[in-house]
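Novice: Our numbering puts the first residue of the sequence shown at 37, with every later residue one more than the last. The C-beta atom is built at its ideal place from N, Cα and C for all residues, glycine as well. Would you mind keeping the following structure in view while I ask a few things?
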Amino acid sequence: MAKAITRGILYLFLIAVAATCLIPFYSMIITSTHTNSDIARKLLLIPGDQFIDNYNRLKDTVNIWRGFGNTVFLTVVSTIINVYFAALAGYGFSKYNFKYRGFLFLFVLGTMMIPGQLGIIGFYKLMDTMNMLNTYWPLILPAIHNAFGIFLMRQFADSSVPTEVIESGRMDGYGELQIFNRIVLPIMSPALATLGIFAFIGKWNDFLTPMIILFDNNLQTLPVMIASLKSQFTSDFGAQYVGIVISVVPVLVFFSFMSKRIIDGVAAGAVKG
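Shown next, in the form of structure tokens:
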């Protein structure tokens, strides 16, 4: 009896936590269905009937689906590059002995302590010198370096990639890149999924860099387009919330799809030995 009561209390607690996490999403969806005046003056708990009107204003103001496509392209390409090169570097730090390995790894971790905003002016000037402004290259190329990803992949490789498997691949005549691509990457798939979701969300929500680098409205990303709905004197709250709903749905779908692998990857990458 006591065990059943304890389990019931635990389930109620978990349901309460889940409901608390879902409230912001519910509020976001409900708000997108009301007029601007209702959004500004009322506490909204039930759906309205203005979603289509808000969507039409959003579509007339900004090319929302062009921004959606731009964001999907940048996010997918950057995530793939981010995950692959982080796995490659983490695997190298884990399984290869070379001079100054420890110092270089500490240097990589040290870059995590520097806020990216501090280098934005220098980054802008560098891109201007290289004639890359108003292109996607400044948004894609930095994905090659991810200090957190390198750290995560090294920890996972230390604990989950046996050296014997690598040696076996060499005995079979595989080159080093073949070993990495055909043997190591499949073993590291839980960590790849974990890093992938972090990289996906980070790039999908990136606002500052596209706003500074891109000048052409047809190249802009979804977060910048949604922010452009707010001017100095007016804000179209209804259209903004519809844009937010459109921008959040892919993240939720991707996270739900990868959630099991994320949990497995975090658990495996955090435990060494």
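Could you tell me which residues DSSP pairs with Lys-266 in its beta bridges?
Specialist: Along the sequence shown, read from residue 1 onward, the residue named residue 266 stands at position 230. DSSP, once it has assigned bridges, lists Ser-271 as partnering Lys-266.
Novice: So which of Val-289, Ile-233, Thr-257 and Leu-79 has the shortest CA-CA distance to Gly-103?
Specialist: Here residue 103 corresponds to residue number 67 of the sequence shown, with the count starting at 1. Comparing Cα positions, the closest option is Thr-257.
Novice: Using beta carbons (cut-off 9 Å, strictly below), is Leu-48 in contact with chain C?
Specialist: Absent from the structure: chain C. Only one protein chain is present.
Novice: Consult DSSP for Gly-84 and reduce its assignment to one of helix, strand or coil.
Specialist: The residue you call residue 84 lines up with position 48 of the sequence shown. Here Gly-84 sits in coil by DSSP.
Novice: Given a threshold of 16 other Cβ atoms within 10 Å of its Cβ, counted over all protein chains shown, does Trp-101 qualify as buried or as exposed?
Specialist: What you label residue 101 is simply residue 65 of the sequence shown in a count that begins at 1. The residue in question, Trp-101, is exposed, as its Cβ has fewer than 16 Cβ neighbours within 10 Å.
Novice: Specify the secondary structure class of Ile-116 as computed by DSSP and reduced to three states.
Specialist: Mapped onto the sequence shown, residue 116 falls at position 80. Ile-116 falls in the helix class under three-state DSSP.
Novice: So, using beta-carbon positions, are Pro-246 and Leu-110 closer together than 9 Å?
Specialist: Within the sequence shown, numbered from 1, the residue matching residue 246 stands at position 210. Within the sequence shown, numbered from 1, the residue matching residue 110 stands at position 74. Closer than 9 Å, so yes.
Novice: Using C-beta distances below 6 Å, list every residue in its chain close to Phe-129, excluding the 5 sequence neighbours before and after it, in chain order.
Specialist: Residue numbering aside, residue 129 sits at position 93 when the sequence shown is read from its first letter. The residues are Phe-141 and Arg-190.
Novice: Does DSSP classify Gly-309 as helix, strand or coil?
Specialist: Along the sequence shown, read from residue 1 onward, the residue named residue 309 stands at position 273. In this prediction, Gly-309 scores a pLDDT of 42, lower than 50, which makes its location untrustworthy; the coordinate-derived value is nonetheless stated afterwards. Three-state result, Gly-309: coil.
Novice: Could you check if Leu-154 is buried or exposed, using at least 16 other CB atoms within 10 Å of its CB as the buried criterion?
Specialist: Position 118 of the sequence shown, counting from 1, holds the residue named residue 154. Its Cβ having fewer than 16 others within 10 Å, Leu-154 is exposed.
Novice: Quick one: what's got a C-beta closer than 6 Å to Met-261's C-beta in the same chain, skipping five residues either side?
Specialist: Numbered from its first residue, the sequence shown carries residue 261 at position 225. Excluding sequence neighbours, Met-261 sits near Val-98 and Gly-103.
Novice: Quick one: grab the DSSP three-state call for Leu-244.
Specialist: By 1-based counting over the sequence shown, the position of residue 244 is 208. Looking at Leu-244 - three-state DSSP - the assignment turns out to be helix.
Novice: Quick one: complete alpha helix (DSSP H) runs, 4+ long, within the stretch 50 to 82?
Specialist: Counting only runs of 4 or more, we get 72 to 77.
Novice: Could you pull out every residue in the same chain whose Cβ sits closer than 7 Å to the Cβ of Phe-291, ignoring the five residues on either side in sequence?
Specialist: Within the sequence shown, residue 291 is the residue found at index 255, counting from 1. So the list reads Ile-233, once near-sequence residues are dropped.
Novice: Cβ atoms of Ala-123 and Phe-216: under 9 Å apart, would you say?
Specialist: Position 180 of the sequence shown, counted from the start, is the residue given in the question as residue 216. Position 87 of the sequence shown, counted from the start, is the residue given in the question as residue 123. Going by C-beta atoms, Phe-216 is nearer than 9 Å to Ala-123.
Novice: Would you mind stating whether Gly-279 and His-70 have Cβ atoms separated by less than 9 Å?
Specialist: As a working note, residue 279 is residue 243 in the sequence shown. As a working note, residue 70 is residue 34 in the sequence shown. No, they are not a contact pair.
Novice: Considering only residues of the same chain and omitting the five flanking positions on each side of Ile-223, which have a CB-CB separation below 7 Å?
Specialist: Numbered from 1 along the sequence shown, position 187 holds the residue referred to as residue 223. Cβ within range, chain order: Ser-196 and Val-197.
Novice: List the endpoints of the continuous alpha helix (DSSP H) containing Gln-191.
Specialist: Taking the sequence shown and counting its residues from 1, one reaches residue 191 at position 155. Taken as a continuous stretch (DSSP letters only), the alpha helix (DSSP H) holding Gln-191 covers 183 to 196.
Novice: In chain order, what residues of the same chain have a beta carbon less than 7 Å from the beta carbon of Met-163, not counting five sequence neighbours either side?
Specialist: Residue mapping note: residue 163 aligns to position 127 of the sequence shown, counting from 1. Contacts found: Leu-169, Pro-174 and Ile-249.
Novice: According to DSSP, is Leu-169 part of a helix, a strand, or is it coil?
Specialist: The residue given as residue 169 occupies position 133 in the sequence shown. Of the three classes helix, strand and coil, the one that applies to Leu-169 here is coil, per DSSP.
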